[in-house]
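Let me begin by presenting the structure, written as structure tokens, before commenting on it.
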Amino acid sequence: MLKTVETEQSQQAMEDMSEKTSEKPLVEAWGNHILIIDDSNQICSLLVSSIISQCAAVSRNVQVVQASALGLLVTMPIVFSQDDSPDILTIYTANNPKSALPVLQLNTLSNLTIICDIMTPADTEVGLFGLLEDLTAKQVPVNLVFASSEGQNRYYVEQLIKQHKAFFVEKGSQAWMELPFALVHRRSMFQYKTIVRSDYDSGFLRGSKQKAEERLRTPEIKKSWWQKLFFWWKQ
């Protein structure tokens with residue numbers, strides 16, 4: 001296992017998660033649906049694989065759905081249990097918030113967890129702000145987990161965190177590595193809350209667009225930490 005140094009942000013993320021176990025959740029804290037939004041296919045695949053591995057340990061069936069401009073591509077279920085009424089965890093993946101919007105149109109969503117990269121350079125139409133607006137309009141209870149390879153990007157979602165409507169996890173941190181386990185095994189850690197505009201309507205999220213465009217012009221930074229993450233996964 002690659003030894004990593006926890007940043008203050010990752011430590012705070014785990015503390016925030018622990019604090020929320022004492023609050024009464026709005027619905028039963030079991031993630032029936034997980035939506036992963038990240039413009040890195042490699043990172044997304046690693047996260048999906050890690051969640052599936054945790055599901056295998058508890059004999060929970062998994063369905064993976066890829067969301068794109070062409071619609072929703074449903075893959076064959078991964079069966080770990082032969083029960084007559086199996087509990088299925090559905091994992092949706094999208095490269096950007098715009099591609100993720102069709103998922104939010106589904107009427108079958110329950111206990112939805114969204115793991116979203118704060119910087120989404122591939123999406124200049126919807127972005128993180130547009131995603132939150134859509135959640136607000138549809139009044140979908142959600143467990144929001146924002147992620148970034150740069151801890152200082154927590155700034156853009158600080159208002160949501162202070163409102164206890166979201167978590168922040170730095171990619172590559174101990175909290176990030178433990179996230180798949182937490183999603184499957186630590187059910188009481190997460191809650192599902194309805195997002196309202198006052199939770200995020202500041203200037204911070206709009207400022208993330210420019211930072212995202214800057215990241216798009218420096219792919220070598222992303223590649224270097226992807227190599228670190230791949231090494232961790234192989235251990």
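Residue numbers for the sequence shown follow full-length UniProt numbering, so the first one is 1 and each next one is one higher.
Yeah, the Cβ is synthetic: ideal placement off N, Cα and C, and Gly gets one too.
- Here V126 really is in contact with K98; their C-beta atoms are around 4 Å apart, less than 8 Å.
- Within the same chain, Q139, P141 come within 6 Å of T194 by CB-CB distance, once the 5 residues on both sides are set aside.
- Going by C-alpha positions, R197 is about 25 Å away from A67.
- The three-state secondary structure of E158, taken from DSSP, is helix.
- Collapsing the DSSP output to three states places D117 in a strand.
- Using a Cβ distance threshold of 8 Å, Y200 and L160 count as a contacting pair.
- Distances from the CA of H33 to each of A94, I118, F190, L112 were compared; the closest alpha carbon is that of L112.
- In this chain, the alpha helix (DSSP H) harbouring L131 covers 127-138.
- T120 is the residue among H185, T120, L109, Q42 whose C-alpha sits nearest the C-alpha of F146.
- For the set N143, I114, H185, Y156, the Cα lying nearest the Cα of A94 is the one of I114.
- Between Q63 and I36, the CB-CB gap reaches or exceeds 8 Å.
- In this chain, L109 is not harboured by any alpha helix (DSSP H), its DSSP state being neither H nor E.
- Looking at the DSSP output, V74 sits in a beta bridge with V65.
- Under DSSP, H33 takes part in a beta bridge, and its partners are T90, L112.
- Ranked by Cα distance from N153, the options Q105, V74, I118 are led by I118.
- In this structure, the beta-carbon distance from V103 to Y92 falls below 8 Å.
- Looking at the DSSP output, A147 shares a beta bridge with D117, V169.
- L101 and S110 have their C-alpha atoms some 16 Å from each other.
- In this structure, the alpha-carbon of D83 lies about 43 Å from that of E158.
- The C-alpha of V65 is placed about 22 Å away from the C-alpha of F190.
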